[in-house]
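Okay, so here's the structure we're looking at.
Numbering (the numbering used here), first residue to last: 1 to 332.
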């Protein structure tokens, strides 16, 4: 495409040059009062070449500028909030590359906008549900319809925990996206931290008839982490495991001193994750259709683990369960 355009421009230039020569020759002859003698076909040929040259130059310029005009029109629509425009990838090579990058940008903007709208709808729904439950139960207690027994109060407490997790997920996601996520590291016993998190889920696990166990290696060293952030990681992983498990949730902590890592695994015996969905579970807003979460929990866990210099991964077998593993570096 680029070579053809150069050839056309050269032909156009040649035609214009010949026409210019003819005009100059004619004017010189007139000024010197000499008769203009030209071959019979030279005038039509020059006119044809000159006209063709001008036409080709106009077409070439139009060919080069039209994709830019299309991108300008599409950019104005995007600026107005319409992220659907795509431009044809045509013209010179650099212009085609520009159009491809422009289309990639508009596609990403459209995806982000759709995710934002879906998130707002999901969050409003997820916040409304526990608030409705809490409000209904409290009104029932005040009216004497419900008795404020331990089971009902535990149910209300679980709804407040859900609200707290949703709000914390939103705040952490906003901090991570804006680049203001801060870690306040301090020497931490990860075994003690994990047992504290597990204790907060004991009541929920018992009421659901789910076993909850922790196995920690005795030689775990203190590690420099932000205990609040790692508590959030463990909370999200255990809450997910309890939500989908069939019988048991187990947490295992072991130290891989050779690699200077502490490895933490959270395993459940639930229905598992479909192989087609497994590569995307750590992406934002990814969740199952029956999830009561924001779709941010695993994405936030990944961001927090990686912010500590660790890694996180998942393995799952349909009908058998899922295991989430993350590592944290040990510094001495």
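Each residue gets a CB set at the ideal place from its N, CA and C atoms; glycine is no exception.
Need the endpoints of the alpha helix (DSSP H) that residue i sits in, please.
i, result
"residue 197", "190 to 208"
"residue 323", "Unbroken run through residue 323 is the beta strand (DSSP E), 321 to 329; no alpha helix (DSSP H)."
"residue 306", "297 to 307"
"residue 147", "Premise fails: residue 147 is in no alpha helix (DSSP H) and is neither H nor E."
"residue 414", "A question about residue 414 goes unanswered here, because the residues of the chain that appear run from 1 up to 332."
Report, in whole angstroms, the separation of the C-beta atoms of residue i and residue j, which I expect to be a contact under 8 Å.
i, j, result
"residue 225", "residue 214", "Going by Cβ atoms, the distance from residue 225 to residue 214 rounds to 18 Å, so no, they are not a contact pair."
"residue 201", "residue 238", "6 Å"
"residue 99", "residue 111", "Incorrect: roughly 19 Å between the Cβ atoms, too far for contact."
"residue 170", "residue 130", "About 14 Å; that fails the 8 Å criterion."
"residue 168", "residue 227", "So it is not a contact: roughly 15 Å between Cβ atoms."
"residue 222", "residue 329", "Contact doesn't hold; Cβ gap of about 13 Å is too wide."
"residue 109", "residue 134", "So it is not a contact: roughly 38 Å between Cβ atoms."
"residue 315", "residue 327", "Not really, about 14 Å apart at Cβ, beyond 8 Å."
"residue 322", "residue 270", "6 Å"
"residue 166", "residue 123", "7 Å"
"residue 183", "residue 307", "6 Å"
"residue 172", "residue 76", "With a Cβ gap of about 36 Å, residue 172 and residue 76 do not count as contacting."
Locate the beta strand (DSSP E) running through residue i, then write down its first and last residues.
i, result
"residue 269", "No beta strand (DSSP E) contains residue 269, which DSSP labels as neither H nor E."
"residue 214", "211 to 216"
"residue 312", "311 to 317"
Just to confirm my understanding: we take residue i, look at its own chain, exclude 5 residues before and 5 after, and list those with CB closer than 8 Å. What are they?
i, result
"residue 283", "299"
"residue 74", "85, 86, 87, 102, 106"
"residue 138", "156"
"residue 160", "130, 134"
"residue 320", "269, 272"
Excluding the 5 residues preceding and the 5 following residue i in the sequence, name in chain order all residues of the same chain whose CB lies nearer than 6 Å to its CB.
i, result
"residue 68", "none"
"residue 236", "297, 301"
"residue 70", "87"
"residue 176", "303"
"residue 33", "Unreliable placement is indicated for residue 33, whose pLDDT of 48 sits below 50; no coordinate value is reported for it."
"residue 318", "272"
"residue 325", "265, 313"
"residue 95", "67"
"residue 38", "Only weak support exists for where residue 38 lies, its pLDDT of 47 falling under 50; the value from the coordinates is given anyway. Counting only Cβ-Cβ distances below 6 Å, and skipping sequence neighbours, we find nothing."
"residue 89", "96, 99, 100"
"residue 140", "146"
Could you check whether the Cβ of residue i sits closer than 9 Å to any Cβ belonging to chain E?
i, result
"residue 298", "Note that chain E does not occur in the displayed structure, where there is just one protein chain."
Whose C-beta lies closer than 7 Å to the C-beta of residue i among residues of the same chain, with five residues either side of it excluded?
i, result
"residue 212", "198, 201, 202, 205, 249"
"residue 195", "214"
"residue 83", "106, 109, 110, 113"
"residue 132", "none"
"residue 152", "137, 146"
"residue 278", "314, 316"
"residue 309", "329"
"residue 234", "194, 197"
| said: Three or more C-beta pairs under 8 Å: does that hold for the segment 178 to 198 against the segment 142 to 162? | reply: no
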